Amino acid sequence: MELTYSNQLSGFDPEKRYRNPEHFDKPEAGVTSVLVIGDWPSVVNAYEAAGIDVSVKEAKRAQIVGAGNQAELEKVIAALRAEHGSIQILVDGLEAREIHRPESGELALRLFEALGTIHASVGELTTERDGLLLSVDTLRQEVEALKQAAIPSVTDEAGEIAVLKAKLDEAKVPYRANASKESLEKLAAELTKE
836 MELTYSNQLS GFDPEKRYRN PEHFDKPEAG VTSVLVIGDW PSVVNAYEAA GIDVSVKEAK
896 RAQIVGAGNQ AELEKVIAAL RAEHGSIQIL VDGLEAREIH RPESGELALR LFEALGTIHA
956 SVGELTTERD GLLLSVDTLR QEVEALKQAA IPSVTDEAGE IAVLKAKLDE AKVPYRANAS
1016 KESLEKLAAE LTKE
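Be aware that the sequence shown starts at 836, since it is given in this note's numbering, and climbs by one per residue.
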């Protein structure tokens, strides 16, 4: 199998297999010959080290037409480099979780403003979420308090029944084992009358 390594964007031959050399990490298995278009020494060296026939073809150079004189072109390149530098500083700051306003670069300044808006929105959402969490906790506590108030305490009632039974047992008054609290209270009330 013959492979062509090129970073071209058009003009592909449908009979050939292409790979982008920018994404090269190691030689592919089953390759018998390689054509490298452009200056990609890592591709050439790796395939030559694997004993595969490698051909190198110089890439076509792009000509900038209508750019004016050399001074104008250098000015445009300097502006692009400054813009790139400002964006790089902004990205590095984001990675370090410290964002600072860039000193120059129209695109970098616009990106900074957009990120500031996003940061403010996230802050508002976080505050709103925290407020809702407090509200939910408060509601849970209120529901629990209402539950406790609505249900008579079974342990208190059981204790009262046990006290009544103990009084009746001491006075040797017979009662049913499953007697209600009310019937036990009536029996205990009759004891105090006597």
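Virtual Cβ for every residue (Gly too), placed ideally from N, Cα, C. Please read all numbers here as calculations on a predicted model, not as lab measurements.
Proximity to L942 [Cα-Cα], best of S1015, I922, V926, T961: I922
Cβ-Cβ distance between K892 and V871 below 9 Å: yes
Simplified DSSP assignment, three categories, for D874: coil
Cross-strand partners of V889 (DSSP beta bridge): V869
Of the residues L844, G873, P849, E837, the one placed nearest E863, counting alpha carbons only: E837
Burial state of P937, where buried means 16 or more other Cβ atoms lie within 10 Å: buried
The region 995–1006 touching the region 977–985, judged by at least three CB pairs closer than 8 Å: no
Extent of the continuous alpha helix (DSSP H) to which L929 belongs: 905–930
Proximity test, T961 beta-carbon vs the ligand COA heavy atom, cut-off 8 Å: Judged by which ligands are present, the structure shown has none, so any question about the ligand COA falls away.
P876, buried or exposed, once every other Cβ within 10 Å from all chains shown has been counted against 16: exposed
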